[in-house]
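So the structure is just underneath, and the comments pick up after that.
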Amino acid sequence: MQKLKTLISTALLATSTTLVFAQAHNVSGGYQKPTDPQVIENLEQWQDMKFGLFMHWGTYSQWGIVESWSLCPEDEGWTQRKPEHGKNYFDYVKNYENLQKTFNPTDFNPQKWADAAKAAGMKYVVFTTKHHDGFAMFDTKESDYKVTSPNTPFSANPKANITKEIFNTFRNDGFKIGAYFSKPDWHTDFYWWNYFPPKDRNVNYDPAKHPERWEKFKNYTYNQLNELTSEYGKVDILWLDGGWVRPFKTIDPSVEWQRTIKVEQDIDMDRIGTMARKNQPGIIVVDRTVPGKWENYVTPEQAIPEQTLDIPWESCITMGDSFSYVPNDNYKPTKKIVETLVKIISRGGNYLLNIAPGPNGDYDQAAYDRLNELATWMKINQTAVYSTRTIAPYHQGDYYYTRSKDSKIVNVFHLSEGDTYQQPNEYVFQIPENFKVKNISILGHRGKLTWSQHKNQVTLKSPNTKLSFSTVIRLQSH
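The numbering used here applies: residue 293 is where the sequence shown begins, and numbers increase by one.
And the structure:
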C-alpha cells in the first residue's frame, strides 16, 4: 500500500472522474470503461456486493511492523527500523528475509475467517498473494522465497499453500475472489539488482540500459500471475499494487510519489491482462493508479471521496491503524465502520475493509468483536446495502441515501455524531425529486409509524425500538 503513517479519512474531490487524495494515495483520471461483456457483468455484480474483506499478511507479521516498507530506503522516515532487528540496513534486510525461517502460523483456519466475514455481510475477499517484499503466500515455481518452501516451517502443514486455502474456502462460501499482487518485487535480483544498492521503491537500475534483466523481470512477473490465474480456481479480481511500475508516459507529475519515478518501468500490461482474461474470462483487472483499459475500477486508499462518483470505485480502509498486523492495534469501533460503509455506498463505492492476521494465523479478538456486531446490524439492514445505487440528494446533514436498482425503493440512513448512536425524537429529511412516497418503514422496527409530508420534506416520529449504529428508513414508491 501507499504511505500510511498519516491516516486519512476524507479526500479532496477534484472532479467526478479525477481524484486527488492527500498523502495516502491518489486515483488516476481518465477512466476507460471496459468493453468486454463478461467484464461488464462481473463489475456490475461486484458493485452489487458493496462490502469486501482485505487481508495483508506475510512474514512481517512476526515483527508486528508495517508490511514490506521498512526495506525501502526512501520510506525510513515513517517505517523506522528497530535496532534489535539489525545494526545496519544490510543486517536488517538479512534478518527480515530470515523471517521466512520462523513463519509458522499454526492457528491458520480460513473457515473461521470466512464464517465471521460472511456473517458480517462481506461478499468478496482480496488477499495479498505477494507484497512488495516478494515473499509469495502461494506455491510459485519462480522463487524459493515462498510459504511452501522447505525453508519455511509452515511448509510442512497441510494448509501450507495459504492462498489456495483462502481462495477455496471463501469461494465455497459464495465470495468473489480477489488476488492482490505487487508488481514491484524487492527480493528478486531482476528488480532490485544486487549489483546496486536500492535507493527508493523503484527499480534500482535503468531498464533501458539493461533490457535483458528487465525482460527477465517482466517474464518473472508474467509467470507468477499466470500461476495465480490458472492454478487457483476461479479468480474474479486481479488487484495489482505498486503503481510506480508503469509506462513512463503515464506518470502524472502533479502527484508527488509519481515524480520519484525516473526510468521506464513498462511491464507490458497488455500481455499480462490478455493472459489473465484467457485464464479467467471476465476477470476484473485493477492496475492501480495507471489510467487505461487495465484499471477497471479505481481505489482510493484510507479515504472516502467527498462526493458521489460515476465510475466504479472502492475505498480500501483498515479496521485498525495499520494494513499489517501490529500488536494492540487501535481497532475502529463498529459504529465508525457502519458510518464508513454508509458514506461509501451513498457515493457509489464499495468498502474493502482490511483485517490483518497475526503471526499465529488468526485475527485479534477485537476484530471478531467488530465483525459480530456488524453481523447483527447487517442482518437487519442488508436490503438497504446490497444491489443499491446512488440517488440525489446523496447526503444532507445526518442523512445518506441509496436506492434499489429499479428505483422503486429509497433507503435513508440516519447517522449521529458521538461514540453511541443517538436516535432523534423525529427524523426530518428531504425525499428525492419525483419520488412518490406510498409507504415508510424503519428496518428493525415492527409496527406503525407516524409521518407526514410537506412538499419534498418528510417528518417521521421516532419509534420506541432501540436501534444500534444508525436508523435505516425505507421509502416505497407508488
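Where a beta carbon is used, it is the ideal one built from N, C-alpha and C, also for glycine.
Distance check for residue 565 and residue 395, CA to CA, integer angstroms please. Cα-Cα distance, rounded: 32 angstroms.
Check whether the segment 523-534 and the segment 463-480 touch, using three or more Cβ-Cβ pairs below 8 angstroms as the test. Taking 8 angstroms as the limit for Cβ pairs, the verdict is that the segment 463-480 does touch the segment 523-534.
Whole-angstrom Cβ separation of residue 648 and residue 615, contact assumed at under 8 angstroms? That pair is a contact at about 6 angstroms.
Can you tell me which residues form a DSSP beta bridge with residue 438? BP columns for residue 438 point to 428.
Does the segment 610-629 come into contact with the segment 562-577, if we say contact requires no fewer than three beta-carbon pairs (one atom in each stretch) closer than 8 angstroms? No, the segment 610-629 does not touch the segment 562-577.
Give me the Cα-Cα distance between residue 457 and residue 617, rounded to the nearest whole angstrom. Their backbone Cα atoms lie some 20 angstroms apart in a straight line.
Just list the alpha helix (DSSP H) runs in the segment 442-469, keeping only unbroken ones of 4 residues or longer that don't cross its boundaries, in chain order. Counting only runs of 4+ residues, the alpha helix (DSSP H) found wholly inside the segment 442-469 occupies 454-464, in chain order.
Roughly how many angstroms separate the alpha carbons of residue 750 and residue 720, rounded to a whole number? Spanning the two alpha carbons is a distance of roughly 6 angstroms.
Between 724, 657, 671, 630, which has its C-alpha nearest residue 736's C-alpha? Checked all of 724, 657, 671, 630; the closest Cα to residue 736 is 671.
Inter-residue CB distance, residue 414 and residue 455 (contact presumed, cutoff 8 angstroms): Not really, about 18 angstroms apart at Cβ, beyond 8 angstroms.
Can you confirm whether the segment 419-434 touches the segment 340-357 when touching is taken to mean that 3 or more C-beta pairs between the two stretches lie within less than 8 angstroms? Yes, the segment 340-357 touches the segment 419-434.
Could you have a look at residue 568 and say whether DSSP puts it in helix, strand or coil? Reduced to three states, the DSSP call for residue 568 is helix.
So if DSSP puts residue 347 in a beta bridge, which residue, or which two residues, is it bridged to? Answer is 419.
Measure the C-alpha to C-alpha separation of residue 687 and residue 638 and round it to an integer number of angstroms. If you take the alpha carbons of residue 687 and residue 638, they lie about 7 angstroms apart.
Is it true that the CB of residue 591 sits closer than 9 angstroms to the CB of residue 538? Note that the C-beta distance between residue 538 and residue 591 is not below 9 angstroms.
Tell me the rounded alpha-carbon separation between residue 353 and residue 747. About 57 angstroms.
Would you report the Cα separation of residue 695 and residue 710, rounded to the nearest angstrom? Straight-line Cα distance between these residues: approximately 27 angstroms.
Within a Cβ cutoff of 7 angstroms, which residues of the same chain sit near residue 308, ignoring the five residues on either side of it in sequence? Confidence in residue 308 is poor, its pLDDT being 32 and thus under 50, which makes the residue's placement unreliable; the coordinate value appears in the next sentence. Contacts found: 601, 602.
Option in 336, 741, 321 with minimal Cα separation from residue 529: Each of 336, 741, 321 was checked against the Cα of residue 529, and the nearest Cα belongs to 336.
Does the segment 699-709 come within contact of the segment 760-768, defined as at least 3 CB pairs closer than 8 angstroms? Output reads yes: the segment 760-768 touches the segment 699-709.
Buried versus exposed call for residue 579 [16 or more other C-beta atoms within 10 Å across all chains shown]: Flag for residue 579 reads buried.
Whole angstroms are fine: how far does the CA of residue 624 sit from the CA of residue 374? So the alpha carbons of these two residues sit roughly 26 angstroms apart.
Among 708, 654, 678, which residue has its Cα nearest to the Cα of residue 689? Of 708, 654, 678, the residue nearest in Cα terms is 708.
Can you give me the Cβ contacts of residue 732 inside the same chain, cut-off strictly under 8 angstroms, excluding the 5 residues immediately before and after it? Around residue 732: 741, 743, 750, 752, 765, 766, 767, 768.
Relative to the C-alpha of residue 645, which candidate in 452, 713, 606 has its C-alpha closest? Residue 645 has its Cα closest to that of 606, out of 452, 713, 606.
What's the call for residue 546, buried or exposed, on a 16-neighbour Cβ count within 10 Å? It is exposed - the Cβ of residue 546 has fewer than 16 other Cβ atoms within 10 Å.
By how many angstroms is the C-alpha of residue 604 removed from the C-alpha of residue 575? The straight-line gap from Cα to Cα measures roughly 15 angstroms.
Own chain partners of residue 391 with C-beta closer than 6 angstroms, once the 5 adjacent residues on each side are dropped: Only 351, 354 meet the Cβ criterion.
At the level of alpha carbons, what is the spacing between residue 693 and residue 497? Straight-line Cα distance between these residues: approximately 51 angstroms.
Would you give the residue range spanned by the beta strand (DSSP E) that residue 533 belongs to? Taken as a continuous stretch (DSSP letters only), the beta strand (DSSP E) holding residue 533 covers 529-533.
What are the boundary residues of the alpha helix (DSSP H) that includes residue 507? Where residue 507 is concerned, the enclosing alpha helix (DSSP H) starts and stops at 503-522.
Taking the continuous beta strand (DSSP E) assigned at residue 484, which residues delimit it? No beta strand (DSSP E) holds residue 484; DSSP gives it neither H nor E.
With a threshold of 16 other CB atoms inside 10 Å of the CB of residue 494, please say whether the residue is buried or exposed. Under this definition residue 494 is a buried residue.
Out of 662, 652, 377, which one is the CA nearest neighbour of residue 628? Taking each of 662, 652, 377 in turn and checking the Cα distance to residue 628, the smallest one comes out for 662.
Through-space distance from residue 715 to residue 754, alpha-carbon basis: Taking the straight line from one Cα to the other gives about 7 angstroms.
Cβ atoms of residue 630 and residue 761: under 9 angstroms apart, would you say? Yes, Cβ-Cβ distance for residue 761 and residue 630 is below 9 angstroms.
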